[in-house]
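As C-alpha cells, the structure follows; a few thoughts come after it.
Chains as they are written, first to last, in the working numbering: chain A, 1 to 432; chain B, 1001 to 1340.
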C-alpha cells in the first residue's frame, strides 16, 4: 500500500512539471475598433457628479452597456489574492460577472494561503499567461508587485488596499486606485452612532455612554479609520473622550475571537458603563464586539456599526439580530466595476495608468511630482434592517446580475442609487 | 496511614501546585484591580475556557495514550459547518438531530485517522497535520469562505444561558462534567489504566495482552467526536459556523498547551484531566488578568507562547527525572523507592 502511494505521489510530481501551460504574449496594443459610446447617466438624486468626459465618448474605465465589447479581442484576466476570505470571494464573483459583460475570459481567483513568497514568485508565471491581472497582495508588497508586472508589460489594477510604496515615509501612490479614503471612513462613524443614541436612548445623558473603536493598529489602511473617528469625536464631543477606548486586535488577528477578547477586556475594565457605542473597522470585528456585548447582557443598551456589512446582511437574512445595527456598505459588484473597467481600458489601450481619470487625480496624493495617479472614490450607503434588501437588490439591477433573486425589486431601477460621487474640492487644492 | 499517603501525594502533585499558583494569581490581580472579580469578568473567563475545555476531552486522553491529533481544530471547523448546514437546509430536524449528524461526521474523521495511523503506519503527527489542511480546505470550499448563521433560538440560547445568578455559563458546566467524567474514567477504570500503559510503553502493553491499536482507535474516534463538539459549542456562543475562525483560533493548541502544562507528558503515559483543566484555568486567569490590569497587549501573545515553552521544558525535565529514578531503581534493585 505504501509503495502504491509513493508511486502515485511521484506521478503527481512528474505531472506537475508539465502543468505550466504555454506562454502567450500579453496584448496591450490598442484595438482599432475601440469607440466607447455614451456613458450611463448617474442617478438623478445623486450629488452633482462632475463629468469625466463628453457624452460622445463615454467614461473610460467604467462599464458601458451601449458599447460593443465583442468587437474587441477577448482578453484573459485573472484575480490574484494573498489569502481568500469572504470579501475576496465576493470580489471574485463580481469580477466574474463583469467579465461576462465585457467579453473578458475570466480565469478565476488564485490564492496563496497567506504565503507572501509564493505570491511574488508565481506572479511572473501568471502574468505571462494573461492579458491583465487584478491583484490583492499584502499592501507592503505592492512595490515589488508593481516592479514585476510593469517590467513584464502586464496591465494590472489593485483592489482593496491602495497601491503605495509603503517603505517610503510619504507612502506615494504607485498606480491608480479605486476605493475609499480610510480616514474619511472613520469620520462618518460618530454621526451614525450618535444618531442611534438619539433614536434609541434619548433620555440617557451622553456622558453615560462608552465609546469603543475596534482597531487593527498594525495595518495602516485600517488604523487610519480609527484616527478619523477619534479626531471627529473629539471635535464633536470632547467631554466624552475620557470614556473612549480602543480595542486593538493587533495582539492576534482581525478576527471574531480576537475582537471578542479585546472588547470583553474593555467591558470588564469599565463595569460602571452600561451603554456602549461601538464601531468596528471590518465585519469580523463587529461580530466579535456583538458577541462580547451579548455575553454581558448589554445588547439592548448598545449599538455597533461598521464599514462593510456583508456578514450583517447574512445575519439579517438568517433572522438574527443583536447590537450590530448598521453598516456603511457598497455592493461588491459596484465596487468591482471601475476596477475591472480600468483594467479593460489599459488592456485595450483606451488609457494608461498615468492618464486614466484625470479629474480624480488628487494634487496632494498623486504619487510624486512626476506622477498623476488617480484615486477614484466610491459611494457608500448606510444599510439597516429595514432597507438593506433594497440597496442590495439595486446592485443586481444595476449590474444585470441575479445574486439575490429573493429580494424584492419593486420600484428599484438602475438609477435608484448612484455609483459615483463628486470629486472632493480638496483634490484640486494643494495643501499648504 | 493510607489517607496520610494520599494527602501527601496530592500536596506534591502538579495539580496542587497549579491550583495554588492560580489562586495566587487571582488574588494578585484582584489586589491590582478590584474589577477583576466581577460577574462579567468571571463569566468571560469561564466562557473563554469552554471551547478549549471541550477540546481537552479530545486532546488529553489521546496524548496520554501516546498519540496526537493536530487536526482537531480543522475537524471542529468542518463538524460545526456540517451542523450549521443541516440546520440551514433542514430546519425542521432540530438541533438535536443536527448534532447527532455532526458527531457522526466526527466518527468518520476519527476513522480516517485510524486508517492513516494504524493501517498505513503513518506517524500521527504527520497524518493529522495533513488531514488538518484537507478538512480546513473542505470547510472553506463548501461555502466559499462564507459563514453560516444559525438561527435556532433554543440552540443559541444555550450559549447565552448562565446559572448561579448569571455567574457560571451553562456550557461551562457541561464542559466541566465532561472533563470530570473523563478524569474518572482515566484514573478509575480498566480502560483508563490501559490508556496509560499503552501510552507509557506500547511494547510492554502488547506483551501484557493489551491491544494498543484497538485502544488508539477508540481514542482517535473520541478525539474527533469531541473536536466536533467543541466546534459546535463555539457555534452556540457565536450564532454561526465559520470556515476560518476556529482554524485561526486553534483551541486544540490551547488544549494541548494546557494538557502539557498540567502534567500530561508529550511522550504519553502520564498526566490527568484534573491537571490539564487547572492548567487551562491558569492560562485563562493569566490572560484575563493581564488584560484587566492594562498590561500592553502586544506582550500577551509572546507570554502565551512562553507558557508553552515553559510547559515543554518542565515536561522534559520531569521525564528525564523519572528515567533517572527508574535506572537507579533498576541498578540498586530498590523498586519501592522508585515508585514512591
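Think of the CB as a built atom: it goes at the ideal place given N, C-alpha and C, for glycine as much as any other residue.
- For the stretch 1255–1286 of chain B, the set of positions with a beta-carbon nearer than 7 Å to some beta-carbon of chain A is empty.
- Looking only at 304(A), 391(A), 372(A), 371(A), the smallest Cα-Cα distance to residue 380(A) is reached by 391(A).
- Sorting 400(A), 341(A), 339(A), 315(A) by C-alpha distance to the C-alpha of residue 1147(B) places 315(A) at the top.
- Looking at the DSSP output, residue 1240(B) bridges to 1149(B).
- Residue 1207(B) places its beta carbon 8 Å or farther from that of residue 1197(B).
- With its beta carbon at least 8 Å from every one in chain A, residue 1129(B) lies outside the interface.
- Distance from residue 1252(B) to residue 1055(B) at the Cβ level is roughly 5 Å; contact confirmed, criterion being Cβ atoms closer than 8 Å.
- Residue 333(A) has a beta carbon lying at 8 Å or more from every beta carbon in chain B.
- With respect to the C-alpha of residue 102(A), the residue from 70(A), 199(A), 189(A), 339(A) having the closest C-alpha is 70(A).
- Along the stretch 1044–1069 of chain B, going in chain order, the ones with a CB nearer than 8 Å to a CB of chain A are 1044, 1047, 1048.
- Identification of chain A residues near residue 1237(B) by a Cβ-Cβ cut-off of 7 Å yields 291, ordered along the chain.
- Interface residue (Cβ-Cβ distance to chain B less than 8 Å): residue 405(A) is not classified as such.
- Taken in chain order, the complete beta strand (DSSP E) segments of 3 or more residues contained in the stretch 292–337 of chain A are 302–307, 324–329.
- DSSP lists no bridge partner for residue 1183(B).
- With respect to the 8 Å criterion, residue 246(A) and residue 215(A) are classified as neighbours on the basis of their beta carbons.
- Using a 10 angstroms sphere on the CB of residue 1089(B), the tally of other CB atoms stays under 16, which defines it as exposed.
- Taking a 10 Å sphere around the C-beta of residue 262(A), we find 16 or more other C-beta atoms and assign the residue as buried.
- Linking residue 286(A) to residue 294(A) through their CA atoms gives a straight-line distance of about 12 Å.
- Ranked by how close their Cα comes to the Cα of residue 305(A), the residues 322(A), 317(A), 179(A) have 322(A) in first place.
- Leaving aside the five residues that flank residue 1237(B) on each side, the residues in its chain whose CB is nearer than 6 Å to its CB run, in chain order, 1159.
- The distance from the Cβ of residue 378(A) to that of residue 180(A) is about 6 Å, consistent with a contact at the 8 Å cut-off.
- In the displayed model, residue 423(A) falls within coil according to three-state DSSP, outside both helix and strand.
- The beta-carbon of residue 1252(B) is placed no less than 8 Å from the nearest beta-carbon of chain A.
- Residue 138(A) holds the alpha-carbon nearest to the alpha-carbon of residue 114(A) among 105(A), 100(A), 138(A), 95(A).
- Here the C-alpha atom of residue 1212(B) lies approximately 7 Å from the C-alpha atom of residue 1205(B).
- Burial is judged here by how many other beta carbons sit within 10 angstroms of a residue's own beta carbon; residue 1272(B) has at least 16 and is buried.
- Nearest in C-alpha terms to residue 81(A), of all of 156(A), 167(A), 60(A), is 156(A).
- Look at residue 179(A) here: in three-state DSSP terms it is strand.
- Rounded to whole angstroms, the separation of the alpha carbons of residue 1305(B) and residue 1034(B) is 27 Å.
- Contact between residue 105(A) and residue 67(A) is absent: CB atoms are separated by about 18 Å, not below the 8 Å threshold.
- Inclusion of residue 1082(B) and residue 1102(B) in the CB contact set at 8 Å is warranted, their separation being smaller than that value.
- Spatial neighbours of residue 1075(B) in its own chain (CB-CB distance under 7 Å, excluding positions within 5 residues in sequence) are listed in chain order as 1106, 1109, 1135, 1224, 1227, 1228.
- From the beta-carbon of residue 1144(B), the residues of chain A found nearer than 7 Å are 89.
- No Cβ of chain B is located within less than 8 Å of the beta carbon of residue 160(A).
- The beta carbon of residue 208(A) sits closer than 8 Å to the beta carbons of 273, 274, 275 from its chain, once the five residues preceding and following it are set aside; these are given in chain order.
- Straight-line spacing of the CA atoms in residue 1036(B) and residue 327(A) works out to 33 Å.
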